[in-house]
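In my numbering, the protein residues as written are 172 to 372.
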């Protein structure tokens, strides 16, 4: 069985961090975020919601995400808190979301799972049984609390620490300031010699 321990560290040593984005795909913000990452030559993890994949434009965005080399995580079919769900209900949802993902992009690897709202309950063990490593929340930028760009820039600077898994959002609401903050801070960090990797396997 896959390890059910939450992944909380980025691959590599020194000035490395892993970028992860939750709650997409989201037409507009996800497109722009993919542009930012392509320009910076960064590979990230996109934790995708099945209902957003099935929404208008979602399949095309997921196909672009995969085509550009990014890694997918199962973030369930919706935004529901699963902390008190029985194992069978969790399993049914995660299997359904894998089906949605693979109907859109084919039989691609989905190596990670992240629980909505950081509410784990039995989800980590079920995800591991399905071959997915639970992906911890890591260092969050709190972009669900504010879309003030300067606040998010400061939060992202604080979140990118050596070895960190960093959590931001490209969906679940209006995320334009998140994308702008990512552009600014990633540019700074690359100039300072940082490398953006993926979460540990």
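The beta-carbon is built from N, C-alpha and C at its ideal position, and this holds for glycine as well.
Being a predicted model, the structure only gives us computed values, none of them experimental.
>> Per the DSSP calculation, residue 335 is bridged to which residue(s)?
In response: Residue numbering aside, residue 335 sits at position 164 when the chain shown is read from its first letter. In the DSSP output, where bridge partners are listed per residue, residue 335 has 180, 188.
> Is the CB-CB distance between residue 194 and residue 223 below 9 Å?
Replying inline: Walking along the chain shown from the start, residue 194 turns up at place 23. Walking along the chain shown from the start, residue 223 turns up at place 52. Yes. Within cutoff.
> Should residue 294 and residue 305 be called a contact, given that it needs their Cβ atoms to be closer than 9 Å?
Replying inline: For the purposes of this step, residue 294 is taken as residue 123 along the chain shown, with counting starting at 1. For the purposes of this step, residue 305 is taken as residue 134 along the chain shown, with counting starting at 1. Yes; because the gap between Cβ atoms is below 9 Å, this pair is in contact.
> Since residue 304 sits in a beta bridge, which residues does DSSP pair it with?
Replying inline: Taking the chain shown and counting its residues from 1, one reaches residue 304 at position 133. Answer by DSSP bridge pairing, in chain order: 283.
>> Counting beta carbon pairs with one atom in the region 340-350 and one in the region 179-197, are three or more of them shorter than 8 Å?
In response: yes
> With 16 as the cutoff for other CB atoms within 10 Å, does residue 286 come out buried or exposed?
Replying inline: Against the chain shown, residue 286 aligns to sequence position 115. It counts as buried.
>> Is it the case that the region 207-227 contacts the region 252-271, given that we only count it when at least three CB pairs across the two stretches are under 8 Å?
In response: yes
>> Quick check: the region 318-325 against the region 200-216, are at least 3 beta-carbon pairs closer than 8 Å?
In response: no
> With burial defined as no fewer than 16 other Cβ atoms inside 10 Å of the residue's Cβ, what is the status of residue 363: buried or exposed?
Replying inline: Within the chain shown, residue 363 is the residue found at index 192, counting from 1. Exposed, because fewer than 16 other Cβ atoms sit within 10 Å of the Cβ of residue 363.
>> For residue 370, list the residues DSSP reports as bridge partners.
In response: Taking the chain shown and counting its residues from 1, one reaches residue 370 at position 199. According to DSSP, which records beta bridges pairwise, residue 370 is partnered with 181.
>> With H, G and I counted as helix, E and B as strand and the rest as coil, what does DSSP make of residue 274?
In response: Residue numbering aside, residue 274 sits at position 103 when the chain shown is read from its first letter. Note: residue 274 maps to helix in three-state DSSP.
> Rounded to a whole number of angstroms, what is the C-alpha to C-alpha distance between residue 178 and residue 372?
Replying inline: Residue 178 sits at position 7 when you count from the first residue of the chain shown. Residue 372 sits at position 201 when you count from the first residue of the chain shown. For residue 178 and residue 372, the distance between alpha carbons rounds to 8 Å.
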